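Worksheet for the structure shown next.
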Amino acid sequence: MKKKTSEKLVFSFLKAVAAMIVVVVVGLVGYILVNGLPVLSFKFLTKPPSNGMLAGGISSAIAGTLMIMILTMVFAIPIGVGAAIFLSEYTDKVDPRIIRMVRLSINNLAGVPSIVYGLLGLGLFVLFMGFRFSVLSASLTLSFLTLPVIIAASEEALRNVPMAYREASLALGATKWETTRNVVIPTALPGIMTACILGLSRAAGETAPLLMTGAAYYIPRFSGSIFKQFMALSTHIFFMSTQSPNPSLTRPIQYGTIAVLLIIVLSMNFAAIIIRSRYRRRFR
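No gaps in the numbering here: position 96 of the sequence shown is 95 in numbering that gives the first Met the number 0, and each next residue is one more.
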């Protein structure tokens, strides 16, 4: 009887905590959208900043964010997914202690603060490799930041593929690579795509690495070059909140920019959910 009572108390406490978290998140998102959506317009999304950042739109920040996300995807996804495939499928002849150390390092890197990656990008890409403050330096830095997340989640998706699938493919005469390419990867693809999208959505909201590798306070128009500085939505929010000469005038711009960034991140997360559910239904 006591066990049942204590179990009910624990579950009630957990439900209350979960409900509080949901209320806080919904309230925060709702507050942002209520203040930000009225600001959004075609002009706000397509016009560059003007009047010393006190007016205009956020087209430069949107363009810079999209360019960074595309390059981060190009750099991080092939390396991350390839490393996950190796760790999941091709470590039979490697010392297990080394693999454990590699996995432990990946998990630890996933928890490193983003400002540490910013310092890494500043020292490695901006100064040592000579890319200077640019879109390229920022994208490479964000690639390093997202790699641990992509590797860990993709490997988990690959390891969740039933061993019977592999054994059936090998029994039919397929090679190890043919089994991995034609059986394992397609089955794990929903989890891999989810991992990639979640990793990129995390990178979309990062500020510290961009500030240290190339984000500028004000650029009227995005140059389109990966070797020049840029504006981004996350850094634009930071500058409008901390560096604006007249915060009362820029408050609507802050809320509008936050709403746009929030919509982008939520859209990426919803896309991950939809892709995962569709592929799961297909395989079933």
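Ideal Cβ positions, reconstructed from N, Cα and C, are used throughout, including at glycine.
Small disclaimer: the values here were computed from a predicted structure and weren't measured.
Task: For S153 and K175, the rounded distance between their alpha carbons - done: 19 Å
- [ ] Please check the pair S138 and F221, which I expect to be a contact at CB under 8 Å, by giving their CB distance rounded to whole angstroms.
- [x] That belief does not hold up - the Cβ atoms of S138 and F221 are roughly 14 Å apart, past 8 Å.
Task: Outcome for I20 when other beta-carbon atoms lying within 10 angstroms are tallied against a minimum of 16 - done: exposed
- [ ] Please list the segments of the alpha helix (DSSP H) lying wholly inside the region 171 to 226, counting only runs of 4 or more residues, in order along the chain.
- [x] 175 to 178, 184 to 203, 207 to 212
Task: Cβ contact (3+ pairs, closer than 8 Å) linking the region 226 to 237 and the region 51 to 64 - done: yes
Task: For S40, the three-state DSSP class (helix, strand or coil) - done: coil
Open item on the list: If distances are taken between C-alpha atoms only, which option among I263, I84, L126 comes closest to T178?
Closed with: Between T178 and the set I263, I84, L126, the nearest pair of CA atoms involves I84.
Open item on the list: Using the Cβ count rule (16 or more neighbours within 10 Å means buried), how would you classify P284?
Closed with: Given that the chain is displayed from residue 0 to residue 283, the structure contains no residue 284 and the question cannot be resolved.
Task: Member of A62, L119, M239 whose CA lies at the smallest distance from the CA of G223 - done: Looking at the Cα atoms, A62 is the closest of the given residues.
Open item on the list: With a threshold of 7 Å on Cβ separation, who are the neighbours of F43 within its own chain once the five nearest residues in sequence on each side are excluded?
Closed with: G56, I57, G255
Open item on the list: If you follow the alpha helix (DSSP H) that T64 is in, where does it begin and where does it stop?
Closed with: 58 to 88 is the span of the alpha helix (DSSP H), which, as asked, contains T64.
Task: Cβ neighbours of T90 in the same chain (closer than 7 Å, five flanking residues each side left out) - done: I98
TODO: Tell whether a beta-carbon distance below 7 Å holds between A207 and G117.
DONE: yes
Open item on the list: For the region 198 to 206 against the region 137 to 151, do three or more pairs of beta-carbon atoms, one drawn from each stretch, fall closer than 8 Å, so that the two count as touching?
Closed with: yes
TODO: Measure the alpha-carbon distance for A203 versus A156 and round it to whole angstroms.
DONE: 23 Å
TODO: Tell me, please, whether the region 270 to 281 touches the region 183 to 196 by the rule of three or more beta-carbon pairs shorter than 8 Å.
DONE: With the cut-off at 8 Å, the region 270 to 281 and the region 183 to 196 touch.
Task: Environment of V38 [buried if 16+ CB atoms lie within 10 Å] - done: When all chains shown are included, V38 counts as buried.
Task: Residue interval of the alpha helix (DSSP H) (run including G117) - done: Counting along the chain, G117 sits inside the alpha helix (DSSP H) bounded by residues 113 to 120.
Open item on the list: Can you check which of these residues, R131, I149, L53, is closest to T249 by C-alpha distance?
Closed with: L53
Task: Coil, strand or helix - P244 by DSSP - done: Three-state result, P244: coil.
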